[in-house]
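What follows is a single structure, written as structure tokens, with notes after it.
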Amino acid sequence: MNRKEPTSRVILKFVIAVIIAIYVLFPFALVVINSCKQTADITSNPIGLNGMSIGQLMKNMNDVVNNPNFLFWHAFGFSVLITVLSLVLLALFGAMTAWVICRNKTKWATLIYFTFIASMIIPFQVVMLPLISTFRDVGKFVGIPMLQSVPGIVFAYLGFGGAMTVFILTGFIKGIPYDLEEAASIDGCRPEQVFFKVIFPLLTPVITTVTILNGMWIWNDYLLPSMMLGQNGVVKTLPVAVQAFVGSYVKQWNLILTAALLAIIPMIVLFLFAQKQIMNGMIEGAVKG
Amino acid sequence: MKEDSGSKKLPALICLVGGAILLIWALALDFSGSKVGYRGALLVIGLIGIIMGLYIFPTLKYHRTLVYVVFLFPLLFAFVVTVIIPLFLGLFYSFTNWNGIRYTEFVGVANYARMFRQPSFIWSILITALFVVFNMILVNLVAFLLALLCTSKLKGMGFFRASYFLPNLIGGIVLGYIWQFVFSNVATKIFSGMKYSMLSSTGTAFMAIIIVYVWQYAGYIMLIYITGLNTVPAEVLEASNIDGANAIQTLFQIKIPMIAPTITICTFLTLTSAFKQFDVNLSLTNGTGSVADFLGQYLTNGTQMLALNIYNTAVVENEYAFGQAKAFLFFIILACVSILQVRISNKKEVEL
Numbered sequence: 003m004n005r006k007e008p009t010s011r012v013i014l015k016f017v018i019a020v021i022i023a024i025y026v027l028f029p030f031a032l033v034v035i036n037s038c039k040q041t042a043d044i045t046s047n048p049i050g051l052n053g054m055s056i057g058q059l060m061k062n063m064n065d066v067v068n069n070p071n072f073l074f075w076h077a078f079g080f081s082v083l084i085t086v087l088s089l090v091l092l093a094l095f096g097a098m099t100a101w102v103i104c105r106n107k108t109k110w111a112t113l114i115y116f117t118f119i120a121s122m123i124i125p126f127q128v129v130m131l132p133l134i135s136t137f138r139d140v141g142k143f144v145g146i147p148m149l150q151s152v153p154g155i156v157f158a159y160l161g162f163g164g165a166m167t168v169f170i171l172t173g174f175i176k177g178i179p180y181d182l183e184e185a186a187s188i189d190g191c192r193p194e195q196v197f198f199k200v201i202f203p204l205l206t207p208v209i210t211t212v213t214i215l216n217g218m219w220i221w222n223d224y225l226l227p228s229m230m231l232g233q234n235g236v237v238k239t240l241p242v243a244v245q246a247f248v249g250s251y252v253k254q255w256n257l258i259l260t261a262a263l264l265a266i267i268p269m270i271v272l273f274l275f276a277q278k279q280i281m282n283g284m285i286e287g288a289v290k291g
Numbered sequence: 004m005k006e007d008s009g010s011k012k013l014p015a016l017i018c019l020v021g022g023a024i025l026l027i028w029a030l031a032l033d034f035s036g037s038k039v040g041y042r043g044a045l046l047v048i049g050l051i052g053i054i055m056g057l058y059i060f061p062t063l064k065y066h067r068t069l070v071y072v073v074f075l076f077p078l079l080f081a082f083v084v085t086v087i088i089p090l091f092l093g094l095f096y097s098f099t100n101w102n103g104i105r106y107t108e109f110v111g112v113a114n115y116a117r118m119f120r121q122p123s124f125i126w127s128i129l130i131t132a133l134f135v136v137f138n139m140i141l142v143n144l145v146a147f148l149l150a151l152l153c154t155s156k157l158k159g160m161g162f163f164r165a166s167y168f169l170p171n172l173i174g175g176i177v178l179g180y181i182w183q184f185v186f187s188n189v190a191t192k193i194f195s196g197m198k199y200s201m202l203s204s205t206g207t208a209f210m211a212i213i214i215v216y217v218w219q220y221a222g223y224i225m226l227i228y229i230t231g232l233n234t235v236p237a238e239v240l241e242a243s244n245i246d247g248a249n250a251i252q253t254l255f256q257i258k259i260p261m262i263a264p265t266i267t268i269c270t271f272l273t274l275t276s277a278f279k280q281f282d283v284n285l286s287l288t289n290g291t292g293s294v295a296d297f298l299g300q301y302l303t304n305g306t307q308m309l310a311l312n313i314y315n316t317a318v319v320e321n322e323y324a325f326g327q328a329k330a331f332l333f334f335i336i337l338a339c340v341s342i343l344q345v346r347i348s349n350k351k352e353v354e355l
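Quick mapping for you: the protein sequence lines, in order, are chains A and B. All residue numbers for the first sequence refer to the working numbering, where the first residue is 3 and numbers rise by one. All residue numbers for the second sequence refer to the working numbering, where the first residue is 4 and numbers rise by one.
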């Protein structure tokens, strides 16, 4: 492929790439521009820069952050808590399950594995209605509220994220030579020590992948939290808060767009820091899943 | 392990007995109908105590089996409670008059029969199918072209890739509202020919959902195509270059056949995700849009896809059993279509 491309074609390609980038990023730019304006300036000219001021942005932010339907810090805090807890537990329990499935060559292990794989095709809509009543009953039975609570929703994410997590991790663990574990058990390691001291450290790359995939899903998920937490509960995640907020403000675009801006910023900041990892994680997850 | 067996026996026994006591206490409270707040904590601590006790019990013969069971338990338990039990309960409820809390009678297939007599539901099935077809073609086409662009040697390619991927980071709810603003306030100002918002009539609102969806999803699929294209060996491309193949011939006769597995993955991903589309649908149009006459009825749910239809039937209209029956049909269609699609793709891959 050493044939040099003519300069004109390189320029043409570059121009196309720039145009597409502008198209893709345009809505984001609009969000930033218009969250610095008043409603009147937005309706008269949504693209122009007139009427923009930092003061207005601060005012909009202040209105949105303290709005009783939105409560940004509240929702943000719960979103972080729910996402982090779910991710840590999914990685740990997922790795444990995947390791047992790989190392235990019984009918049961195979059955569990195939049940997990088969369940990946089940759409959330099929289980969401009975899920609520099941969780209500389970919560009543064990004495821990499962609806409108953090433990409940983390538990639900464990159940729904488990299949994909186990599937990807199993594929990776199968590739780890068994000799390694045998050597460790000859040296006097108990099975659980073998797992935590030998296997788990080796899983770092694949756990990164799994965590990114699950994280993108859990952070942005709307339907599950809206069903389990309700629109007006104490516990709510960012997407639920955005939906509740916009529902209450019919056409106050400056506030709606400021809310959107606040909801977008955490993800964009994360992306700036871990761009490579996120993109690679998404690719690997798709190729393996 | 032998030397510490004596020192471990006592704590193990304490854990076991203590755990059992707590567990029984919690269950006793449960069945006696008491509603004290610490019941759940007792249950959990008791369970952990029993597991800990069994786990450090030194002389236990089946230590390995026990470790396996303990390792499997948390995820499997969550999986059974959140997926398996609701799945079968849901199947059962779809044959009753369940209202979300209880049911009073068994109605057989009445729910299933009823949904095929509901024009708005049939309309939802049709536009979902249309949406899936449009999306599979458009997302894959756009993503593939973007991938070709992004694999050619260009300055600043990393930036372009990242920015094309960016929309995929944001949840559908937020994106839907941003685009609602673009369609109803911005597009009408930029394009002078556009007098009304695209969201105000059913046909154009449907197109708007497709635009947003392609915008959001193409960047992700592009990344997968880039990975696929990068696996095409450089020697093969060089050989075709020497043989005098032009760019288009190389594309159709070498690149596309060689990335057939990637195409399978991408069509599968776009198919299932378009089929389950909910967030953008909810926040962009909320399923509104009028249809003058469909099967002899005036419809107001012109852009309501299946997932949203199910949600509205159950949660908004409070017809849980009916919604559940619809959800099962949804599941069956999705399963059939994805199995069929994988079969067809596998056959094609073999032929190539």
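Beta carbons: idealized from backbone N, C-alpha and C, even for Gly.
Query	Result
Distance between A:I114 and A:V196 (C-alpha atoms, nearest Å)	22 angstroms
Contact with chain A by B:V145, beta-carbon distance below 7 angstroms	no
With 16 other Cβ atoms within 10 Å as the buried cut-off, status of B:I224	buried
Secondary structure of B:V294, DSSP reduced to three states	strand
Member of B:S203, B:N171, B:L172, B:Y167 whose CA lies at the smallest distance from the CA of B:F184	B:S203
Whether A:N71 touches A:A246 by CB criterion (7 angstroms)	yes
Through-space distance from A:P147 to A:F78, alpha-carbon basis	22 angstroms
Beta carbon proximity, B:I336 to chain A, threshold 7 angstroms	no
Residues in the stretch 66 to 93 of chain A having any Cβ partner in chain B nearer than 7 angstroms	none
Cα-Cα separation between B:Y167 and A:R105, rounded to whole angstroms	41 angstroms
Contact check, A:Q150 vs A:L231, beta carbons under 7 angstroms	yes
Of the listed residues A:R192, A:L182, A:Y224, nearest to A:L204 (C-alpha basis)	A:L182
Beta carbon of B:A211 nearer than 7 angstroms to that of B:F194	no
Alpha helix (DSSP H) segments (min. 4 residues) lying fully within the stretch 270 to 346 of chain B	282 to 287, 309 to 314
Cβ-based neighbour list, B:E6, same chain, cut-off 6 angstroms, excluding 5 preceding and 5 following	The predicted position of B:E6 is uncertain, since its pLDDT is 45 and thus under 50; a value taken from the coordinates is nonetheless stated next. Around B:E6: no qualifying Cβ.
Buried or exposed by the 16-neighbour rule on C-beta atoms within 10 Å, applied to B:Q300	exposed
Under 9 angstroms from the C-beta of B:V70: neighbouring residues of chain A	V102, R192, P193, E194, F197
Cβ-heavy atom distance, B:S166 to the ligand ATP, below 6 angstroms	Within the structure as shown, the ligand ATP is missing, as the structure has no ligands at all.
Identity of the residue in A:I21, A:Q254, A:G173, A:T136 nearest B:I181 by Cα	A:Q254
CB contact flag (A:S121, B:V86, <7 angstroms)	yes
Candidates B:F82, B:P122, B:I17: closest to B:M55 by CA position	B:I17
Neighbour list for B:Q307 in chain A, Cβ cutoff strictly below 8 angstroms	By Cβ distance, chain A contributes nothing, its closest Cβ being about 13 angstroms from B:Q307, past 8 angstroms.
Straight-line gap, B:A208 to B:I125 (C-alpha atoms, nearest Å)	19 angstroms
Distance between B:V340 and B:S348 (C-alpha atoms, nearest Å)	12 angstroms
9 angstroms Cβ cut-off: residues of chain C touching B:N114	No chain C is part of this structure, whose protein chains are labelled A and B.
A:W219 at chain B interface by Cβ criterion, 7 angstroms	no
Interface flag, B:T207 vs chain A, CB-CB below 7 angstroms	no
Min CB distance A:K1 to chain B below 7 angstroms	Outside the shown range of chain A, which is 3 to 291, sits residue 1 of chain A, and nothing can be said about it.
Contact with chain B by A:G145, beta-carbon distance below 7 angstroms	yes
Endpoints, alpha helix (DSSP H) assigned at B:V83	Neither: B:V83 is in no alpha helix (DSSP H) and is coded neither H nor E.
Per-residue DSSP class, three states only, for B:T234	coil
Every unbroken alpha helix (DSSP H) inside the stretch 111 to 152 of chain A [4 residues or more]	126 to 144
Beta-carbon proximity check, B:T154 vs B:L226, cutoff 7 angstroms	no
Inside the stretch 42 to 69 of chain B only - alpha helix (DSSP H) runs reaching at least 4 residues	42 to 59
8 angstroms Cβ cut-off: residues of chain A touching B:V235	In chain order: nothing, as chain A lies at least about 11 angstroms away.
The stretch 230 to 249 of chain B touching the stretch 41 to 54 of chain A, judged by at least three CB pairs closer than 8 angstroms	no
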